[in-house]
Amino acid sequence: MEHRRWFKALALVAVLTVVAGACASDNGGDNTGGNGGVDCATVEFGCVEVGADEAINLGAAQVISGADSTLGQDQVNGIELALDHLDGKFDQKDGTLLDHPVKLTTEDELCSAEGGQTAGTALAADASIVAVVGTSCSSAALGVADKLLGDKGILLISGSNTSPALTDPALHNPFYARTAHNDRIQGAIVAEFSLGSDVGPKAKTAATIADESPYTQGLVAAFEANFEAGGGTITGSEQVDSEDTDFKPVLRSLAEQKPDVLYFPIFVAACTLVIKQAAEIMPDTTLIVSDGCLSSDTLKNAGKAADGVWASSPDLSAFQKNEFYSGEFIPAYQAAFGSDPLSVFHAHAYDAANVVFEAIKKVAIDNGDGSLSIPRQALRDAVFATSGYPGVTGTITCLPTGDCATDVTIGLFLGPGWPVEGGKGDTTAKYTDVKSLDDVL
Amino acid sequence: MAGTEAPRMEAVRLSRFEQLPWRRIILVILGIVVIGVVGIGATKTLTLGKAEGGYSGGAWRDFIVQGTAQGAIFAMIALGYSLVYGILRMINFAHGEVFMAGAFGSFFFADAYEKSGFLDRDPIVALLIVTAVAIGVSVGTAVLLERLAYRPLRNAPRLVPLITAIGASLFLQNTFRGFFGPQPYGFPKPNVLAGNVTVVGVPVQRIQLLVLVVAVICMAVLQWFVSTTTTGRSMRAVAQDREIASLMGINVDRVIVTTFAIGGVLAGIAGVLYSLSFEQVQFTMGFKPGIAAFTAAVLGGIGSIGGAALGGFVIGLLQAVGPPLILTGFGIPSVFSLKDAFVFLVLVLVLVFRPGGLLGTGEAEKV
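Heads up: the sequence lines are chains A and B, in that order.
Numbering of the first sequence is given in my numbering, commencing with residue 975 and proceeding in unit increments.
Numbering of the second sequence is given in my numbering, commencing with residue 135 and proceeding in unit increments.
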């Protein structure tokens, strides 16, 4: 009986905590006010009110735990550098925006739809959040975080979602934008490389393997459409489960048609297994993977089997030519976090945060007493009106469907010369191409 | 007399329709439909030309070899589920993690031996040591599980240890993730196991041959152990009736620990074979094979040794041969994505026709 009473007390405390938490986060929002042409009381989605001595609250939904945590942590670092650079210099002291400090509220999106649900719900419930930089993984955004935040009029801008579905006119949430490339471009460039490039396999036939994630399915669909449009034949498309280990029957069945190329843009663990098993089952087929598999773990675990495997990825060497990136950004990253960049999307997240800051500068209403009102709809419209903004990753111009990376450079790297820790030999791209969304199917 | 006769006749007349063996009729119809669908699918697939997506004889041969090798590993894990169920009437859902623990433990030795060159210089000795480590870790995990998680709940309602087992499974997964991180590790394979050998005209990967041979030996030894040794006899006695067995002077706790330990030995060996086959270990690696093996144990008749072994091979073969053979003919794209759905459909059908599983019959057979 003693136990039961104790349990009841604990349950009561838990319930009270939740209620208190929910109430606390309701404060600070929905106060009407403001002038300057926008009436926060009547405008759709209202305004974010920032008190005279309060910080502007920027949300982040990134994967910061688990197997894919480097992808998210790298972007959190990128956003923190953007806060640092608000005063125009990297000095490990955050600058201010319209005389207000900016604070970062980070939620873990776990690189999954479930995690996107949790992180999206938490951030959408916090009325002080101005905008959210995220998510890391397309699966966390598509129909989950983009909808949860969009329903509240909160802008979600991602530095690493690449699934074409997110900005497909039929599925696009009006409050979703991204500075990462659309995989329609990556898929098209891989297809062109496979068909016709001098260094590539000059393939006529190809087979593909996707898994259950929107990222791999988007890439495979883009690859197949462009490969067939370019005169090639798709001999087989399979879908596997990312938790599987035995891909031998799948590979054996695809091998029946003797494809010249096997394209499988799946994630590290499954991708490594496919590389090894395909080396034995279809030794004459050229293997191509994408950035989801381009990792030092893959190189280490696949060993010799990774030799001769092509990997496509945004070509970072294109940014290296950018003086600000190599001369200021990277040294600041190393000084602040004590390591080289953990992944490839830190600069995209940095740009995403800056695009939001620029838009806040345009639309924030100064109430005269030091407080700010930021109308949500106007903020979203200002971000989507971004045109010709000089970002670290290139010129940023947002399209009505939310794609802000216009010209994208994709490189193909030949194993073991991948541009990651453990890459051997020449780690520059053997083939690069720049395309914009207008150029591809 | 006449007064009582009339209503009885009435009752018979009323229930004549109800008395038709509906269950059997539905089963027969279902059976005909299933056989029809399988037959049509298989015929269509086999008559497809190569250009239309058909398969060559070589492909079928490879599917069967791959499915059998995978099935052998499922069978070894399934035996662990089945043994424990036979004795305790409990599903040890953490058994997949016992398998993972063994594989992970052996990885560190295998990796060190690979780096020092011992693995390739003396592969047999190295692999024996690696296997011994895997067995040690798996047995330790299984015995600790029994002692800490299940024994205190021995007399609790059956649902309680089941939930505990799921909890133990999550606990073990996250413990390994906490210690070793979420990333996959590459498991080294000695060079002697690379490449193919030809067995009666069929090219088989050496590792697949090793898996098959070891699995069959293990099952034979287990069968001998359970049917002839004193410990084996006490295991069967406890399985039949724990209380009476205890009255006959059998130390029930000892028998139960032994059962968990035997399951651990098999899981440890399976862990090494699995790691050698796929050359990768990760903290989640126990989950999917665990589910497949549990399915195999149920399919074969849970509690039966022969059933678990048969179930494992059947599941392995179904995954490799089933989707291409039956689904390709109907023009379904990406047939292998339906692999798991296919396996569970077969499980449901088998249980409809034989609720006890393929070999699950009387209680007396259960160990």
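Glycine included, every Cβ here is placed at the ideal spot set by N, Cα and C.
Which residue comes first and which comes last in the alpha helix (DSSP H) that contains residue 1047(A)? Element bounds for residue 1047(A): 1043 to 1058.
Nearest-angstrom Cβ-Cβ length linking residue 1249(A) and residue 1283(A), presumed shorter than 8 Å: The beta-carbon separation of residue 1249(A) and residue 1283(A), rounded to 6 Å, stays under the 8 Å limit for a contact.
Give a yes or no on whether 8 Å exceeds the smallest Cβ distance from residue 241(B) to chain A. Taking 8 Å as the CB threshold, residue 241(B) stays off the interface with chain A.
To which residues does DSSP link residue 1287(A) through a beta bridge? Answer by DSSP bridge pairing, in chain order: 1385(A).
Option nearest residue 412(B) by Cα separation, candidates 381(B), 388(B), 469(B) and 345(B): Per the Cα distances, 345(B).
Measure the C-alpha to C-alpha separation of residue 208(B) and residue 274(B) and round it to an integer number of angstroms. Whole-angstrom Cα-Cα distance: 21 Å.
State yes or no: is the beta carbon of residue 478(B) nearer than 8 Å to at least one beta carbon in chain A? Closer than 8 Å: no.
Report the partner residues of residue 330(B) according to the DSSP bridge assignment. Beta-bridge pairing links residue 330(B) to 339(B).
Going by DSSP, what residues sit across from residue 1152(A) in a beta bridge? Here residue 1152(A) is bridged, per DSSP, to 1132(A) and 1377(A).
Taking contact to mean 3 or more Cβ pairs, one atom from each stretch, closer than 8 Å, check whether the stretch 1130 to 1145 of chain A and the stretch 1383 to 1395 of chain A are in contact. Contact fails: fewer than three Cβ-Cβ distances are below 8 Å.
Residue-level contact to chain A via CB, residue 413(B), 8 Å cutoff: At least one CB of chain A lies nearer than 8 Å to the CB of residue 413(B).
On the DSSP bridge list, what partners appear for residue 1405(A)? The partner list for residue 1405(A) (beta bridge, DSSP) reads 1386(A).
Work out the CA separation of residue 378(B) and residue 1216(A) for me, nearest whole Å. Distance between the alpha carbons of residue 1216(A) and residue 378(B) is about 48 Å.
What residues in the stretch 1241 to 1253 of chain A have a beta carbon less than 9 Å from any beta carbon of chain B? If the cut-off is 9 Å between Cβ atoms, the stretch 1241 to 1253 of chain A has 1242, 1243, 1246, 1247, 1250 and 1251 near chain B.
Spatial neighbours of residue 457(B) within its chain, please: C-beta separation below 8 Å, excluding the five flanking residues on both sides. 469, 470, 472, 473 and 476.
Given residue 339(B), which residues of its chain have a CB within under 6 Å of its CB, disregarding the five upstream and five downstream residues? If we look at residue 339(B) and ignore the five residues flanking it on each side, its Cβ neighbours are 330.
Measuring CB to CB, does residue 1162(A) end up less than 8 Å from residue 1168(A)? No; because the gap between Cβ atoms is not below 8 Å, this pair is not in contact.
Secondary structure of residue 1322(A), DSSP reduced to three states: Assigned with DSSP and collapsed to three states, residue 1322(A) falls in helix.
Between residue 1158(A) and the rest of its own chain, which residues show a CB-CB distance below 6 Å, the 5 nearest in sequence each way excluded? Excluding residues within five positions, the ones whose Cβ falls inside 6 Å are 1138, 1196 and 1414.
Could you round the C-beta distance between residue 373(B) and residue 220(B) to whole angstroms and report it? I think they count as a contact, below 8 Å. The beta-carbon distance between residue 373(B) and residue 220(B), rounded to whole angstroms, is 5 Å. This is short enough to meet the 8 Å contact definition.
Along the chain, where does the beta strand (DSSP E) that runs through residue 1363(A) open and close? Residues 1363 to 1365.
Residue 1055(A) vs residue 1064(A) beta-carbon contact at 8 Å: In this structure, residue 1064(A) lies closer than 8 Å to residue 1055(A) by Cβ.
For the stretch 1200 to 1215 of chain A, which residues have a beta carbon sitting closer than 9 Å to at least one beta carbon of chain B? Listed by position along the chain: 1209, 1210, 1211, 1212, 1213, 1214 and 1215.
Would DSSP call residue 1077(A) helix, strand or coil? Looking at residue 1077(A) - three-state DSSP - the assignment turns out to be strand.
Selection from 168(B), 163(B), 223(B) and 241(B) that minimises the alpha carbon distance to residue 1275(A): Comparing Cα positions, the closest option is 241(B).
Taking 8 Å as the threshold (beta carbon to beta carbon), is residue 470(B) in contact with chain A? With 8 Å as the cut-off, residue 470(B) counts as an interface residue toward chain A.
Residue 1454(A) - containing beta strand (DSSP E), residue span: Since the displayed chain A opens at 975 and closes at 1415, residue 1454(A) lies outside it and no answer follows.
Quick one: list the residues of chain B neighbouring residue 1058(A), beta-carbon separation under 7 Å, in chain order. Here the premise fails: no neighbours, minimum Cβ distance about 29 Å.
Can you tell me whether residue 1248(A) is helix, strand or coil according to DSSP? Three-state DSSP puts residue 1248(A) in a helix.
Does any CB atom of chain A fall closer than 8 Å to the CB of residue 190(B)? Cβ-Cβ to chain A under 8 Å: yes for residue 190(B).
Could you give the DSSP three-state label for residue 1398(A): helix, strand or coil? Coil.
Alpha-carbon to alpha-carbon, residue 166(B) and residue 313(B): Straight-line Cα distance between these residues: approximately 53 Å.
Between residue 498(B) and chain A, is there a C-beta pair that is closer than 8 Å? Residue confidence is low: residue 498(B) scores 39 on pLDDT, short of 50, so the model does not pin down where it sits. Its coordinate-derived value is still stated next. By this cut-off, residue 498(B) is not an interface position.
Contacts of residue 283(B) in chain A (Cβ-Cβ under 8 Å): Those within 8 Å of residue 283(B) in chain A number zero; the least Cβ separation is about 20 Å.
Using a Cβ-Cβ cutoff of 8 Å, what residues of the stretch 311 to 332 of chain B are near chain A? List them in chain order. For the stretch 311 to 332 of chain B, the residues whose beta carbon sits under 8 Å from a beta carbon of chain A are, in order, 316, 317, 318, 319 and 320.
Straight-line CA distance for residue 1097(A) to residue 156(B)? C-alpha separation (whole angstroms): 56 Å.
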